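First the structure, in the form of structure tokens, and then the observations on it.
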Amino acid sequence: MADVLVLAEHHESEIRKVTFELITAARGLGSPVVLWLGPGLGDTESAALASFGATKILLAESADVVDHPVAPGAEIVASLIASVQPAAVLVASSADGKEIAARAAIKSGCGIITDAVEIATDATATQSVFGGSTIVHSKVTHGTPIITIRPNSIAASESAATAVTEKISMVISDSAKRVSVTTRSVVEKGARPELAEADVVVSGGRGVGGAEGFEVIEALADSMSAAVGASRAATDAGWYPHQFQVGQTGKTVSPALYIANGISGAIQHRAGMQTSKVVIVVNKDPEAPIFELADYGVVGDLFTVVPQLTEEITKRK
Amino acid sequence: MKIAVCVKQVPDTWAEKKLRVDTSTLDRESADGVLNELDEYAVEQALQLVEAQGGEVVIVTMGPERASETLRKAISMGADAGIHIVDENLAGSDAVATSAVLAKVLTGRDFDLILFGSESTDARMSVIPAMVAERLDLAQVTFAQKMEVAGTTLTAERVTDYGFDTLTASLPAVVSVVEKINEPRYPSFKGIMAAKKKPVEIFSVTDLGLENALVGAGAAWSVVADFADRPPKAAGVVVTDDGAGGTAIADYLTTAKFI
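Keeping their order, the protein sequence lines are chains A and B.
My numbering applies: residue 825 is where the first sequence begins, and numbers increase by one.
My numbering applies: residue 14 is where the second sequence begins, and numbers increase by one.
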């Protein structure tokens, strides 16, 4: 069975959920071989990767991949495309993931597909484009298919394998070291899950009315261990930090449950959440287009409906 | 400082987008073409740098005839000149080919900075800046929420999943910016009038010394096999809050096993 190269998405030893989704997808195409860039891989992490089906872990520990963004990773991926000759390369649709994929595609003469939500056994990728209104099936026709996969699209499933770890030492070229990371700033994200990976997202929009209004949104989110999102109207107004913006110019989310509060549902916002599995809407305006997406909607004031919902959830847990 | 800003004409962000049945490419006729919103931040950043440190801003676009309106729009914000690569052979080009064309037209022009928006609102791949940096063998500083240039040193904050990384590099560099970086200006009346007189160089694929066979739909390294509209969502239940709206949602979530 052919190897399928998977680029692990991790922050130090914290493995992102999407990594397990990538390995799960890779199993459909061949034997998952995981590439781990930088430090953080210990026995626990190796065991976790193996439990989802990794048959081999390639460890590139070189400080260069940490000290310099993107380019060294792309060099390593391109060299592995040549030496491993994988059936496909699967990468997470993160900023780093997409850019490593992009540069490796140019280096290796391979076609690239981004933001796949599903992969068939013949490496045909399903994409959900234009904010989810169109479903596209695409295929790479030149070189090794390099495909980036949107987090939360493929359900990760365990499938125990024995993974051997192989260290790879590669000299990174000077031209891949043109940019240096001087400091790394970790913004305190609190106890809430990462927006793109969360199973439940609770969002607020213009109807929230101000920064203090987000307290009711956050309370509902916390009652369900959900991530908090915001529409562009809310982030542009400065009511909620920009990195939580869901929409065309913000993050694309695809949770099992999306609760939209005081969001009208302009295409700008829908583009970022339309593929959510179940959508709940609370909005004062019965004409708000977001109701078209609702599995269940309540026309009403979010400041009475949402606290009541939070209280009910807390009571029933 | 000589700065290139690569911009793209995209269908109006607020319009519904469709693929064409005959070519499986974006139907660009069915919606108004506008300057990709995220590119406005790149233009603004270039203008601010040149206003502070002197220099020249050149807007670069690849696209059909009508993309010239977008080019003029970007120039009208205050840029000095434009470059338009327009050629019917380019229709259907993938990111790989697009990056080849842009890299070619940018070569040999001594740009200190090549700026991009962080993504286009139509294709949303976010790969062109990285591909152009790869092809030109230049420093790649992307997803910048802040950038400063002092002499030939570029410092920038790259947005990451966990916060941001502070990066340094020497010019020349390829930079993409996110919308946090600034507040784009509106073109002034004077700017709009002046833009009509700014020089725009126009190139075809062969003008650039590239072969037509390397671009366009036929040369794409990935193809669309088929596509379909997402099946419309079955209409949900919408109730008016009678004082128990929150409880009603909780009931729904309980039935759906979310609680």
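Positions of the beta carbon are idealized from the N, C-alpha and C atoms, including for glycine.
Quick caveat, the model's predicted, so the values are computed rather than measured.
Residue contact with chain B for T843 of chain A: absent (no Cβ-Cβ distance below 8 Å to any residue of chain B). DSSP places D93 of chain B in no beta strand (DSSP E); its state is neither H nor E. Of all alpha-carbon atoms in A:A871, A:I881, A:N1107, the one lying nearest the alpha-carbon of K991 of chain A is that of A:I881. Between D125 of chain B and the set B:A143, B:G164, B:S106, B:V109, the nearest pair of CA atoms involves B:G164. Between the C-alpha atoms of D1023 of chain A and L1081 of chain A there is a straight-line separation of about 6 Å. Secondary structure of M14 of chain B (DSSP, three-state): coil. Burial is judged here by how many other beta carbons sit within 10 angstroms of a residue's own beta carbon; I1104 of chain A has at least 16 and is buried. Within a 10 Å sphere around the beta-carbon of Q153 of chain B sit 16 or more other beta-carbons, which makes this residue buried.
With contacts defined as CB atoms closer than 8 Å, L883 of chain A and L904 of chain A fail to qualify as a contacting pair.
Segment contact: the stretch 197 to 207 of chain B against the stretch 1028 to 1036 of chain A, fewer than three CB-CB distances shorter than 8 Å; contact not assigned.
Residue contact check for M14 of chain B against chain A: no CB pair falls below 8 Å.
Rounded to whole angstroms, G1037 of chain A and F129 of chain B show a C-alpha spacing of 35 Å. By the Cβ criterion, the stretch 978 to 992 of chain A is not in contact with the stretch 947 to 965 of chain A, since fewer than three pairs of Cβ atoms, one from each stretch, lie closer than 8 Å.
Around the beta carbon of Q1132 of chain A, 16 or more other beta carbons lie within 10 angstroms, which makes this residue buried. Closer than 8 Å to the CB of F1068 of chain A there is not a single CB belonging to chain B. At the C-beta level, I930 of chain A and S112 of chain B come within 8 Å of one another. Within the stretch 986 to 1008 of chain A, those residues whose Cβ lies closer than 8 Å to any Cβ of chain B are, in chain order, S999, R1002, V1003, S1004, V1005, T1006, T1007, R1008.
Take the alpha-carbon of I72 of chain B and the one of K86 of chain B: they are about 10 Å apart. When 9 Å is used as the limit between beta carbons, A108 of chain B is near these residues of chain A: A926, A929, I936, T938, in chain order. Here DSSP, grouped into helix, strand and coil, assigns P856 of chain A to strand. Contacts with chain A at 8 Å (Cβ-Cβ) include E192 of chain B.
Between the stretch 866 to 876 of chain A and the stretch 941 to 948 of chain A there are fewer than three inter-stretch CB-CB distances shorter than 8 Å, so the stretches are not counted as touching. Taking the Cα of M1048 of chain A as reference, the smallest distance to any Cα among A:P863, A:A887, A:E1136 is reached at A:E1136.
Note: E942 of chain A is bridge-paired with A:T950 in the DSSP secondary-structure output. Contact between the stretch 16 to 32 of chain B and the stretch 46 to 64 of chain B is present, with at least three C-beta pairs closer than 8 Å. S112, A113: these are the residues of the stretch 111 to 126 of chain B whose beta carbon lies less than 9 Å from some beta carbon of chain A, given in chain order.
Against T965 of chain A, the close residues of chain B are W234, S235, V236, in the order they occur along the chain (beta-carbon pairs closer than 7 Å). With fewer than three CB-CB distances shorter than 8 Å, the stretch 1085 to 1092 of chain A does not count as touching the stretch 207 to 222 of chain B.
Within the stretch 102 to 147 of chain B, the complete alpha helix (DSSP H) segments of 4 residues or longer fall at 108 to 119, listed in chain order.
Only exposed fits P244 of chain B, as fewer than 16 other CB atoms lie within 10 angstroms of its CB. Listed along the chain, the chain B residues whose CB falls inside 8 Å of the CB of V1130 of chain A are G259. With a threshold of 8 Å between beta carbons, I978 of chain A makes no contact with chain B. In the three-state DSSP reduction, D150 of chain B falls in the coil class, being neither helix nor strand. Per DSSP, reduced to three states, the secondary structure at R1140 of chain A is helical. Within the stretch 239 to 251 of chain B, those residues whose Cβ lies closer than 7 Å to any Cβ of chain A are, in chain order, D239, F240, A241, D242, R243, K246, G249, V250, V251. Contact between T181 of chain B and S1004 of chain A holds, since their C-beta atoms are separated by about 5 Å, short of 8 Å.
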